[in-house]
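Student:
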Amino acid sequence: MKYVYQFSVILLISALGELLKYLIPLPIPASIYGLVLMLAALMTGVIKLKKVEAASDFLLEIMPIAFIPGGVALLTAWDSLKNMLVPALVITIVTTVFVICVTGTVTQLMIKGGKKNG
Amino acid sequence: MDSVFSGSLFFGGALTLLACGAGALIQRKLKWMNPMVFAIAAIIIFLKVFGISYETYDEGAKYISYLLTPVTVALAIPLYRQLNVLKHHAKEIFAGIIAGVISSMGSVFGLALLFELTHEEYITLLPKSITTAIGMGISEEFGGMVTITIAVIMITGILGNIFGELILKLFRIHEPIAKGVAMGTGAHAFGTMRALQMGEIEGAMSSLSVAVAGLITVIGAAFFANLI
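Heads up: the sequence lines are chains A and B, in that order.
Count along the first sequence starting at 1, add 1314, and that's the number in our numbering.
Count along the second sequence starting at 1, add 44, and that's the number in our numbering.
#1: So is T304 of chain B in contact with chain A if we call contact Cβ pairs under 8 angstroms?
#2: Residues of chain A with CB under 7 angstroms from I217 of chain B, in chain order?
#3: Below 8 angstroms between beta carbons: does that hold for G65 of chain B and M77 of chain B?
#4: Can you tell me whether Q241 of chain B is buried or exposed? The criterion is at least 16 other CB atoms within 10 Å of its CB, across all chains shown.
#5: Tell me, please, whether the CB atom of H232 of chain B is closer than 8 angstroms to any CB atom in chain A?
#6: Around the Cβ of V145 of chain B, are there at least 16 other Cβ atoms within 10 angstroms (buried) or fewer (exposed)?
#7: For K172 of chain B, decide whether its Cβ has a neighbour in chain A, counting only Cβ atoms nearer than 8 angstroms.
#8: Alpha carbon to alpha carbon, how far is G1432 of chain A from T1417 of chain A?
#9: Are the region 159-175 of chain B and the region 1395-1414 of chain A touching by the rule of at least three beta carbon pairs closer than 8 angstroms?
#10: Which first and last residues belong to the alpha helix (DSSP H) in which F1372 of chain A is found?
#11: Closer than 6 angstroms by C-beta to E246 of chain B: which residues in its own chain qualify, once you throw out the five before and the five after it? Chain order, please.
#12: Out of A:I1414, A:P1343, A:M1315, point me to the one whose CA is closest to K1365 of chain A's CA.
#13: What is the rounded straight-line gap between the Cα of A1369 of chain A and the Cα of N128 of chain B?
#14: Whose CA, out of B:I211, B:T168, B:G51, lies closest to the CA of A105 of chain B?
#15: Do E209 of chain B and Q126 of chain B have their C-beta atoms closer together than 8 angstroms?
#16: Note down the Cα distance separating L119 of chain B from A233 of chain B, rounded to an integer number of angstroms.
#17: From what residue to what residue does the alpha helix (DSSP H) around A231 of chain B run?
#18: At the level of alpha carbons, what is the spacing between T113 of chain B and L1325 of chain A?
#19: Name the two residues that bound the continuous alpha helix (DSSP H) containing E165 of chain B.
#20: Excluding the five sequence neighbours on either side, which residues of its own chain have a C-beta within less than 8 angstroms of the C-beta of I260 of chain B, listed in chain order?
#21: Tell me whether the beta-carbon of V1413 of chain A lies closer than 8 angstroms to the beta-carbon of S250 of chain B.
#22: Taking the alpha-carbon positions, what's the T1419 of chain A to T100 of chain B distance?
#23: Taking CB distances under 8 angstroms as the criterion, tell me whether S1322 of chain A reaches chain B.
#24: Give a yes or no on whether 8 angstroms exceeds the smallest Cβ distance from A120 of chain B to chain A.
#25: Would you check if there are 3 or more beta carbon pairs closer than 8 angstroms linking the region 185-192 of chain B to the region 1384-1396 of chain A?
#26: Grouping DSSP H, G and I as helix and E and B as strand, with all else coil, what is A248 of chain B?
#27: If the cut-off is 9 angstroms on Cβ atoms, which residues from the region 70-85 of chain B count as contacting chain A, listed in chain order?
#28: Using a Cβ-Cβ distance under 8 angstroms, would M45 of chain B count as near chain A?
#29: Helix, strand or coil for F82 of chain B per DSSP?
#30: For M1377 of chain A, would you say it is in contact with chain B, using Cβ-to-Cβ distances shorter than 8 angstroms as the test?
#31: Could you list which residues in chain B have their beta carbon closer than 8 angstroms to that of V1404 of chain A, in chain order?
#32: Excluding five sequence neighbours on each side, which residues of the same chain lie with their C-beta closer than 7 angstroms to the C-beta of G56 of chain B?
#33: Listed in chain order, which residues of the region 1337-1366 of chain A have Cβ atoms closer than 8 angstroms to some Cβ of chain B?
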């Protein structure tokens, strides 16, 4: 029954996320509202970590599987993608490397700088 | 073959799990192999070879996609366990994410000028680094082609998942918080999956970055969208 209870909490929060998405006219998905709600519930003590931890760890373990159908949907985008294939691929590859590099470097430099000063 | 499987509730789900299991077995022999990326490629090839439509596959696979929201909600748990890290380094983390979001949209803008893209093509690529659901919304709102936006977001995620670690090593980014923030800001949930394997701090910071980078991009896109 432990898992039944834990999954019911996670699904309830997911449903509340959907409700927020319905009420707030922004392009923010239910899942992001749900993440924020769960974090707030844990921080305020409304939900105890132990009451959701086992089911959450299971979900995180199978996370990659949940993204496979969305990845397979790439095959339906092929017809429209091929018209701008070269710029789309070049821009995607270059910016992905660039963003990971800039984000990591800025964060690391600031953390190191903070340690020196503090 | 499509007619044999259309209407099957379990074909898509079974194929997804089998492909993923096969990917995990192959990973034992070939360390660099990513089971998820293997599964996506193997299923696409399987469907093409046997002439099965995506709709038929999704008839069963949609029950796996159903897990996407609960899985994202579960990302709050490692984040909560690492809340102290976030509290101590909030300034550095947010500065890193903002730098990442600006460099993402800035570099798409620069390259769009170089390739002389139309407004529609530019908007399509603008939200490429962030999580699919937010990216779709931005593309739709500012007049992009949503199916292509989803495709480039997927390709970004797959690239970040496979090469993210190499990119971090190449630019000498060793600090766990910095690695997590970079993976989440640069390659959304796909980057986060790899970050979770690096360590819990990396995974937690990456989950946080997916949400924050997505939200900042919503705001930033209103400015960047008018540039081309």
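Glycine is no exception: its CB is placed at the ideal position from the N, C-alpha and C atoms.
Tutor: In short, the structure shows the following:
#1: The displayed coordinates of chain B run from 45 to 272. Any statement about residue 304 of chain B would go beyond what the structure contains.
#2: In chain order: G1418, T1419, Q1422.
#3: No, Cβ-Cβ distance for G65 of chain B and M77 of chain B is not below 8 angstroms.
#4: Flag for Q241 of chain B reads exposed.
#5: With its beta carbon at least 8 angstroms from every one in chain A, H232 of chain B lies outside the interface.
#6: Its Cβ being crowded by 16 or more others within 10 Å, V145 of chain B is buried.
#7: Closer than 8 angstroms: yes.
#8: Low per-residue confidence applies at G1432 of chain A: pLDDT is 49, beneath 50, and the placement is therefore not dependable, though the value from the model is reported in the following sentence. Cα to Cα, the separation comes out at about 22 angstroms.
#9: Contact between the region 159-175 of chain B and the region 1395-1414 of chain A is present: three or more C-beta pairs spanning the two stretches fall below 8 angstroms.
#10: Taken as a continuous stretch (DSSP letters only), the alpha helix (DSSP H) holding F1372 of chain A covers 1367-1375.
#11: Excluding sequence neighbours, E246 of chain B sits near P220, K223, G224, A239.
#12: A:M1315 is the residue among A:I1414, A:P1343, A:M1315 whose C-alpha sits nearest the C-alpha of K1365 of chain A.
#13: If I take the Cα positions, the gap works out to 23 angstroms.
#14: Among B:I211, B:T168, B:G51, the Cα nearest to that of A105 of chain B is on B:G51.
#15: No, the Cβ-Cβ distance between E209 of chain B and Q126 of chain B is not below 8 angstroms.
#16: Between L119 of chain B and A233 of chain B, the C-alpha separation is close to 10 angstroms.
#17: For A231 of chain B, the enclosing alpha helix (DSSP H) covers residues 220-242.
#18: When rounded, the separation of the alpha-carbon atoms in T113 of chain B and L1325 of chain A is 9 angstroms.
#19: From DSSP, the alpha helix (DSSP H) with E165 of chain B extends over 163-169.
#20: So the list reads I141, I142, V145, once near-sequence residues are dropped.
#21: Contact annotation: V1413 of chain A and S250 of chain B have beta-carbon atoms that are not nearer than 8 angstroms.
#22: Across the structure, T1419 of chain A and T100 of chain B are spaced so that their CA atoms are roughly 45 angstroms apart.
#23: S1322 of chain A does not count as touching chain B.
#24: By this cut-off, A120 of chain B is an interface position.
#25: The region 185-192 of chain B, when compared against the region 1384-1396 of chain A, does touch it at the 8 angstroms Cβ threshold.
#26: DSSP places A248 of chain B in helix when its eight states are reduced to three.
#27: Under the 9 angstroms Cβ criterion, the region 70-85 of chain B contributes N78, P79, M80, V81, A83, I84, A85.
#28: Residue-level contact check: M45 of chain B does not touch chain A, since none of the beta carbons of chain A fall below 8 angstroms from its beta carbon.
#29: F82 of chain B carries a helical assignment under DSSP once its states are collapsed to helix, strand and coil.
#30: M1377 of chain A has a beta carbon lying within less than 8 angstroms of a beta carbon in chain B.
#31: What V1404 of chain A touches in chain B: L155, F159.
#32: Excluding sequence neighbours, G56 of chain B sits near Y101, D102, E103, G104, A105.
#33: For the region 1337-1366 of chain A, the set of residues with a beta-carbon nearer than 8 angstroms to any beta-carbon of chain B comprises L1340, P1341, I1342, P1343, A1344, S1345, I1346, G1348, L1349, V1350, L1351, M1352, L1353, L1356, M1357, L1363, V1366, in chain order.
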